[in-house]
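K.L.:
Numbering (my numbering), first residue to last: 1311 to 1427.
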(Lines of atoms letter the chains of each structure in order from A and count residues from 1; the text may use other names and numbers.)
(Lines give C-alpha, C1' and ligand atoms only; values in the text may rest on other atoms or scores of the structure.)
Protein backbone atom coordinates (compact mmCIF):
# COMPACT_ATOMS: atom_id res chain seq x y z
CA UNK A 1 0.00 0.00 0.00
CA UNK A 2 1.11 3.54 -0.64
CA UNK A 3 0.00 4.70 2.79
CA UNK A 4 2.77 4.39 5.32
CA UNK A 5 1.91 1.72 7.86
CA UNK A 6 0.87 3.31 11.11
CA UNK A 7 0.43 6.71 9.49
CA UNK A 8 -2.54 8.61 10.78
CA UNK A 9 -5.38 10.15 8.80
CA UNK A 10 -3.10 13.06 7.83
CA UNK A 11 -0.88 10.85 5.67
CA UNK A 12 -0.09 11.77 2.11
CA UNK A 13 -0.73 9.24 -0.62
CA UNK A 14 2.94 8.46 -1.04
CA UNK A 15 5.26 5.87 0.50
CA UNK A 16 6.80 8.55 2.70
CA UNK A 17 5.16 11.80 3.71
CA UNK A 18 6.29 14.62 1.47
CA UNK A 19 8.00 12.40 -1.10
CA UNK A 20 6.61 12.56 -4.61
CA UNK A 21 7.08 9.41 -6.67
CA UNK A 22 7.91 9.39 -10.38
CA UNK A 23 4.73 9.57 -12.46
CA UNK A 24 2.63 11.15 -9.72
CA UNK A 25 0.58 14.29 -10.27
CA UNK A 26 0.84 16.90 -7.54
CA UNK A 27 -2.45 18.55 -6.56
CA UNK A 28 -2.67 21.34 -4.02
CA UNK A 29 -6.34 20.80 -3.16
CA UNK A 30 -9.89 20.25 -4.35
CA UNK A 31 -10.03 23.08 -6.95
CA UNK A 32 -7.00 21.68 -8.76
CA UNK A 33 -8.20 18.07 -8.48
CA UNK A 34 -11.63 19.10 -9.77
CA UNK A 35 -10.05 20.55 -12.92
CA UNK A 36 -7.92 17.43 -13.41
CA UNK A 37 -11.01 15.19 -13.14
CA UNK A 38 -12.92 17.35 -15.61
CA UNK A 39 -10.01 17.11 -18.07
CA UNK A 40 -9.80 13.32 -17.72
CA UNK A 41 -13.54 12.55 -17.71
CA UNK A 42 -15.39 15.51 -19.17
CA UNK A 43 -17.46 16.09 -16.03
CA UNK A 44 -17.35 15.47 -12.31
CA UNK A 45 -20.44 13.26 -12.53
CA UNK A 46 -18.71 11.02 -15.07
CA UNK A 47 -15.55 10.97 -12.91
CA UNK A 48 -17.62 9.97 -9.86
CA UNK A 49 -19.29 7.11 -11.70
CA UNK A 50 -16.18 5.87 -13.57
CA UNK A 51 -13.28 6.42 -11.20
CA UNK A 52 -14.26 7.69 -7.77
CA UNK A 53 -17.16 5.58 -6.45
CA UNK A 54 -15.79 2.24 -7.63
CA UNK A 55 -18.08 0.12 -5.45
CA UNK A 56 -21.17 2.09 -6.50
CA UNK A 57 -22.51 2.59 -2.97
CA UNK A 58 -22.85 6.36 -3.43
CA UNK A 59 -20.36 7.39 -0.76
CA UNK A 60 -16.67 7.41 0.11
CA UNK A 61 -14.98 7.10 3.46
CA UNK A 62 -11.47 8.44 4.09
CA UNK A 63 -9.76 5.14 3.20
CA UNK A 64 -11.64 4.93 -0.10
CA UNK A 65 -10.64 8.51 -0.92
CA UNK A 66 -6.99 7.66 -0.28
CA UNK A 67 -7.32 4.59 -2.53
CA UNK A 68 -8.73 6.79 -5.31
CA UNK A 69 -5.74 9.11 -5.07
CA UNK A 70 -3.29 6.20 -5.12
CA UNK A 71 -5.01 4.70 -8.20
CA UNK A 72 -4.86 8.10 -9.91
CA UNK A 73 -1.18 8.54 -8.94
CA UNK A 74 -1.93 11.77 -7.06
CA UNK A 75 0.30 13.33 -4.47
CA UNK A 76 -1.59 15.60 -2.10
CA UNK A 77 -2.49 16.30 1.50
CA UNK A 78 -5.36 13.89 2.07
CA UNK A 79 -6.62 15.52 5.28
CA UNK A 80 -6.87 18.86 3.49
CA UNK A 81 -8.78 17.23 0.63
CA UNK A 82 -11.05 15.42 3.09
CA UNK A 83 -11.87 18.68 4.92
CA UNK A 84 -12.59 20.41 1.59
CA UNK A 85 -15.00 17.67 0.48
CA UNK A 86 -16.64 16.52 3.73
CA UNK A 87 -18.03 19.97 4.51
CA UNK A 88 -20.91 18.64 6.62
CA UNK A 89 -18.41 16.54 8.64
CA UNK A 90 -20.55 13.40 8.53
CA UNK A 91 -17.57 11.13 7.87
CA UNK A 92 -18.40 10.38 4.26
CA UNK A 93 -18.36 12.06 0.88
CA UNK A 94 -21.40 11.67 -1.34
CA UNK A 95 -22.02 12.78 -4.91
CA UNK A 96 -23.83 15.80 -3.44
CA UNK A 97 -20.64 16.79 -1.57
CA UNK A 98 -18.45 16.04 -4.58
CA UNK A 99 -20.56 17.61 -7.34
CA UNK A 100 -23.82 19.26 -6.21
CA UNK A 101 -24.86 20.22 -9.76
CA UNK A 102 -24.11 16.75 -11.11
CA UNK A 103 -26.00 15.17 -8.20
CA UNK A 104 -29.06 17.27 -9.06
CA UNK A 105 -28.91 16.18 -12.72
CA UNK A 106 -28.50 12.54 -11.72
CA UNK A 107 -31.44 12.75 -9.30
CA UNK A 108 -33.67 14.28 -11.99
CA UNK A 109 -32.66 11.51 -14.39
CA UNK A 110 -33.43 8.82 -11.79
CA UNK A 111 -36.84 10.35 -11.12
CA UNK A 112 -37.56 10.54 -14.86
CA UNK A 113 -36.66 6.85 -15.24
CA UNK A 114 -38.94 5.85 -12.37
CA UNK A 115 -41.83 7.91 -13.73
CA UNK A 116 -41.44 6.67 -17.32
CA UNK A 117 -40.43 3.04 -17.03
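All C-beta atoms in this analysis are idealised placements derived from N, C-alpha and C, irrespective of residue type, glycine included.
Enumerate in chain order the residues of its own chain whose CB-to-CB distance from residue 1395 is below 7 angstroms, with the five nearest sequence positions on each side excluded.
P.N.:
Excluding sequence neighbours, residue 1395 sits near 1340, 1403, 1407, 1408.
K.L.:
If you draw a straight line from the C-alpha of residue 1422 to the C-alpha of residue 1344, how long is it?
P.N.:
Roughly 28 angstroms between the two C-alpha positions.
K.L.:
By DSSP, does residue 1336 sit in helix, in strand, or in coil?
P.N.:
Strand.
K.L.:
Measure the alpha-carbon distance for residue 1338 versus residue 1420 and round it to whole angstroms.
P.N.:
Cα to Cα, residue 1338 sits roughly 34 angstroms from residue 1420.
K.L.:
Fully enclosed by the stretch 1374-1399, which beta strand (DSSP E) runs are 3 residues long or longer?
P.N.:
Qualifying beta strand (DSSP E) stretches: none in this window.
K.L.:
On a Cα-Cα basis, can you pick out the residue from 1399, 1385, 1405, 1354 that is closest to residue 1367?
P.N.:
Residue 1367 has its Cα closest to that of 1405, out of 1399, 1385, 1405, 1354.
K.L.:
Contact defined as beta carbons within less than 8 angstroms: I believe residue 1354 pairs with residue 1401. What is the distance between those atoms, to the nearest angstrom?
P.N.:
Between residue 1401 and residue 1354 the Cβ distance is about 21 angstroms, and since that is not below 8 angstroms, they are no contact.
K.L.:
Taking the beta carbon of residue 1336 as the centre, do at least 16 other beta carbons fall within 10 Å, making it buried, or is it exposed?
P.N.:
Exposed.
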